[in-house]
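Chains A and B supply the protein sequences, listed in that same order.
All residue numbers for the first sequence refer to the working numbering, where the first residue is 52 and numbers rise by one.
All residue numbers for the second sequence refer to the working numbering, where the first residue is 52 and numbers rise by one.
Using N, Cα and C, we set each Cβ at its ideal position, and we do this for glycine too.
All values derive from a computational prediction rather than experimental measurement.
2 protein chains.
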Amino acid sequence: MAEAVRHDKTSHQLRLLSDALESGRLGPVKRLVNTLSPAEIGNLLESLPPGKRVIVWGLVDPDDDGEVLVHVGDEVRESLLAAMDPDEIVAAVEDLDIDDLADLVEDLPEAVIEQVLKSMDRDNRERLEQVLSYPEDTAGRLMNPDVVTVRADTTVDVVLRYLRLRGELPEHTDYLYVVSRRHQYLGRISLAQLLTHEAGTPINQLLDDEQPAFDVDESANEVARQFSDRDWLSAPVVDDNHVLLGRITIDDVVDIIRDRAEHQALGAAGLDEDEDLFSPVPRAARRRAIWLGINLATAFLASWVIGRFEGALERIVALAVLMPIVASMGGVAGTQTLTLMVRGLAMGQVGSGNLRALLAKELSVGLLNGVAWAIVVGVVAAIWFQDIPLGAVIAGAMAINLAVAAFAGVMVPLTLRRMNIDPALAGGVVLTTVTDVIGFLSFLGLATLVLLR
Amino acid sequence: MAEAVRHDKTSHQLRLLSDALESGRLGPVKRLVNTLSPAEIGNLLESLPPGKRVIVWGLVDPDDDGEVLVHVGDEVRESLLAAMDPDEIVAAVEDLDIDDLADLVEDLPEAVIEQVLKSMDRDNRERLEQVLSYPEDTAGRLMNPDVVTVRADTTVDVVLRYLRLRGELPEHTDYLYVVSRRHQYLGRISLAQLLTHEAGTPINQLLDDEQPAFDVDESANEVARQFSDRDWLSAPVVDDNHVLLGRITIDDVVDIIRDRAEHQALGAAGLDEDEDLFSPVPRAARRRAIWLGINLATAFLASWVIGRFEGALERIVALAVLMPIVASMGGVAGTQTLTLMVRGLAMGQVGSGNLRALLAKELSVGLLNGVAWAIVVGVVAAIWFQDIPLGAVIAGAMAINLAVAAFAGVMVPLTLRRMNIDPALAGGVVLTTVTDVIGFLSFLGLATLVLLR
């Protein structure tokens, strides 16, 4: 399967590096590390246990330090910064792009931030301060204020001359932005157009005013959605007066798109996208303990429900043997519906407009599977315990629980969302609480009614 | 929370559209739909139940049909194609870019493919046939053969003249590729460089030979990883003889990056990234039934284990009441470790190089939490049932199961991967089977040893 061959390159490097580290010869390690791109070094550092991580971090070319810091998760970054002295940090980060620096700055010690600001020229300092003045997770934070602007009332050859005078363009420049006298964003012209049109062509005529600008307050998630839906590579950012403030490029958005998609898998286990594979044990244990504690509370709730039926359990021990089946199948079926719903909600594909249709579909699927597996489970149980009424009871409970699971799979994430609770995080816990409780209740309840009359 | 405000725009559109559809006035629906980009229309169609989906699909501007088809998941695409006649399909897809067309072609009816090929000019047909000759999920399939090449032994002004003669450049062109006489890839020059250097500058001198080319057989996953790790916007693709074949751009890779990240969450529930929110009920039921069947088998295994202890359960009913707690806590703790591991494996961050360190860390976390929660559960159980030995038994079982869960959380995904089974898909089932069996076994086994002596 595809999964199995993924990234063999990285894990191969990891093994080479690990062998070299074990042998204690740091020369080869250093050579190996410095053939990698900063992002790959970051990836590698994330995969190393703390002791080795610090050693390898010390061997990274100081020129790459800043870029590596940009490319690792928050927790790992913290551990890397802890191994540097203030001067090293300043040297590492002072040459970063403004948007990357803004991304880092919150994790830096106060003294270092001041030193970095002091070491910057006034223009860049003002730009950084401007970017930092926008809240995290907004377009303002993602943008790079370093853009090339031109005026509309000019011609291709004037722009070409200006660019030749200017020299190097900012990285990933694919468009120049056309602005008014008051620096308001009017549209853009692509470098390709400048290259393919005659010298005398007025810029006005090439102006593409279809590319909308992001408001500086727009959420990072909405920015990511539009980039990915509209296949943009870059987009301008403006303030309330439509004054051009900067530019967002796709490379800064790709990480958000990936984090957002990963959020569902990690959130369901109570984990965070920024979790370090090698978090210090006490910290990891504490964080996971919260999740275990919440689940323990729900497990006790289920046990309490079972406890209501002690009488039935005492008389028919087969009930104790079979009861986890009903609960677990409900959990599995409900999780399937929940998983589709959480993704649909995250993509904006679920709302009051299609809720009824969705509920009807999921209930039909749940009932169909409920009846089918009820028959299977009922027959197996009846044969196993030589007890046909017992088979009928578990079959009935199964059908009930799978229908409830489908209903809960749709309604739990919607309700959580309405309560402003992230369904990717809390959905699974709430759902399995419902399917456990209903599973035990329906099975033991039916058994009491039917078998203990 | 951020999740709660995500994509309110899309779900707002969805409601507007739904209201308009209910009212039966299709004029406003049509106007609303055609203000959206093709990707947004695709997103909207995915969120509609089959009946409404067909109506809205009929209202989409035919010029957008092709792009919309590119932007929806496989299953939804099938349902849209089923609503079109062959001529419509041909008209919709014939103007697509080669790489997008190649992506669609497998879903098209045989007769339509022939007609499309016939309607293309010879150059494009040959290009399409070339792209289709590469296996799915390789660089060859992702690339667009439409690239602008220049020779190294020329100067900026010659290139500029050539570009002006050529006219429009392919979409998202940021670099021109420099090739040898035999069309071998030598390096690239950016449009920005052409614009900022004097007319007489030799291309040789501007040539950037640091951008590596992908082999045409490279896996799509490796392509995605490198794009995302190295912040590339485009990269060349070459054959075995280093002859330039085409170019991959980031917009085609973003979808792979997102799908890959989503794969973990959906796979864990036995779902597929391409699943239609509104799959026909029989199809959805059948697919999920497989998953439920697998889980039922493991649930029966757990029941069989419980059945071995009928004697103990008959004598102490509290065992039946408490036993789900031990199993469920093990499942939760193990899933946390598993989730981190599956992500680490997908990112190439887990391998033989750091396995021992990882296992040590996860076992420490598991033991720490195991002991902590064992005490809590033990005390609660002892008070609840007024039975101190019972509390001691459940505490012991809990500590054992959480340690086993940590061990299984690390080893299960590694073992599955070695067996070429996708851990994102099968990991959860295998893991919870282990934690259920060990949970029941340790609790009921300890109870038999300690309480029934």
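Exposure of residue i, with buried meaning 16 or more beta-carbon neighbours within 10 Å
i: PRO186 of chain B; result: exposed
i: ILE376 of chain B; result: buried
i: LYS103 of chain B; result: buried
i: ASP302 of chain B; result: buried
i: VAL210 of chain B; result: buried
i: TRP169 of chain A; result: According to the sequence as given, residue 169 of chain A is Lys; it is not Trp. LYS169 of chain A is exposed by the Cβ-count criterion.
i: GLU249 of chain B; result: exposed
i: THR386 of chain B; result: buried
i: ASN292 of chain A; result: exposed
i: ARG334 of chain B; result: exposed
i: LEU500 of chain B; result: exposed
i: THR483 of chain B; result: buried
i: ARG394 of chain A; result: buried
i: LEU295 of chain B; result: buried
i: ILE439 of chain A; result: exposed
Cα-Cα separation between residue i and residue j, rounded to whole angstroms
i: LEU497 of chain A; j: VAL485 of chain B; result: 30 Å
i: ASP114 of chain A; j: LEU65 of chain A; result: 22 Å
i: MET449 of chain A; j: GLY381 of chain A; result: 8 Å
i: ALA162 of chain B; j: ALA142 of chain B; result: 14 Å
i: ASP70 of chain A; j: ASP188 of chain A; result: 40 Å
i: GLY442 of chain B; j: TRP435 of chain B; result: 9 Å
i: ILE489 of chain A; j: LEU396 of chain A; result: 26 Å
i: LEU419 of chain A; j: SER379 of chain A; result: 18 Å
i: VAL461 of chain A; j: MET470 of chain A; result: 15 Å
i: ARG504 of chain B; j: LEU370 of chain B; result: 15 Å
i: ALA350 of chain B; j: ASP473 of chain B; result: 21 Å
i: GLY297 of chain A; j: VAL289 of chain A; result: 7 Å
i: ALA340 of chain A; j: VAL428 of chain B; result: 13 Å
i: PHE278 of chain B; j: LEU179 of chain B; result: 24 Å
i: GLY117 of chain A; j: LEU152 of chain A; result: 9 Å
i: PHE491 of chain B; j: LEU409 of chain B; result: 27 Å
i: LEU343 of chain A; j: GLY321 of chain B; result: 24 Å
i: GLN256 of chain B; j: THR247 of chain B; result: 13 Å
i: GLY478 of chain B; j: ALA348 of chain B; result: 15 Å
i: PRO263 of chain A; j: ARG276 of chain A; result: 14 Å
i: LEU120 of chain A; j: LEU68 of chain A; result: 20 Å
i: ASN175 of chain B; j: THR300 of chain B; result: 19 Å
i: GLY93 of chain B; j: GLN244 of chain A; result: 30 Å
i: MET374 of chain B; j: ASP310 of chain A; result: 37 Å
i: SER184 of chain A; j: TRP283 of chain A; result: 26 Å
Cβ separation of residue i and residue j, assumed to be a contact under 8 Å, to the nearest whole Å
i: LEU99 of chain B; j: VAL111 of chain B; result: Not really, about 12 Å apart at Cβ, beyond 8 Å.
i: ALA271 of chain A; j: LEU193 of chain A; result: 6 Å
i: SER88 of chain A; j: ASP280 of chain B; result: 6 Å
i: ASP327 of chain A; j: GLY124 of chain A; result: 6 Å
i: LEU96 of chain A; j: VAL127 of chain A; result: 6 Å
i: HIS314 of chain B; j: ALA475 of chain B; result: 6 Å
i: ALA446 of chain B; j: ILE426 of chain B; result: 6 Å
i: ASN85 of chain A; j: ILE149 of chain A; result: No, ASN85 of chain A and ILE149 of chain A are not in contact; Cβ-Cβ is about 26 Å, not under 8 Å.
i: VAL368 of chain B; j: GLU365 of chain A; result: 5 Å
Closest residue to residue i among the options (Cα-Cα distance)
i: ILE451 of chain A; options: A:SER69, A:GLY460 and A:GLY417; result: A:GLY417
i: ARG513 of chain B; options: B:ARG202, B:LEU503 and B:LEU370; result: With chain B represented from 52 up to 504, any question about residue 513 of chain B goes unanswered, as that position is not in the structure.
i: VAL223 of chain B; options: A:SER285, A:ASP473 and A:VAL444; result: The residue asked about is misnamed: residue 223 of chain B is His in this sequence, not Val. Residue A:SER285 is the option with its Cα nearest to HIS223 of chain B.
i: LEU391 of chain A; options: A:ASN346, A:VAL463 and A:ALA340; result: A:VAL463
i: LEU467 of chain B; options: B:MET398, B:GLU249, B:LEU389 and B:LEU453; result: B:LEU389
i: VAL199 of chain B; options: B:GLU361, B:VAL182, B:LEU242 and B:LEU179; result: B:LEU242
i: LYS81 of chain B; options: B:GLU91, B:HIS63 and B:GLY109; result: B:GLY109
i: VAL372 of chain B; options: A:ARG212, A:ARG359 and A:ILE149; result: A:ARG359
i: ASP138 of chain A; options: A:GLN166, A:LEU406 and A:ARG366; result: A:GLN166
i: LEU352 of chain B; options: A:GLY251, A:ALA432 and A:ASN346; result: A:ALA432
beta-carbon residue i near the ligand MN non-hydrogen atom, thresh 7 Å
i: ASP204 of chain B; result: This structure lacks the ligand MN, and indeed carries no ligand of any kind.
In DSSP terms, what residue i is bridged to
i: GLN39 of chain B; result: Residue 39 of chain B cannot be examined here, being either before or after the span of chain B that is shown, 52 to 504.
i: ARG202 of chain A; result: A:VAL230
i: THR189 of chain A; result: A:SER270
i: PRO253 of chain B; result: B:THR206
i: ASP259 of chain B; result: B:ARG239
C-beta neighbour in chain D for residue i, strict 8 Å
i: PHE351 of chain B; result: No chain D is present in this structure, whose protein chains are A and B.
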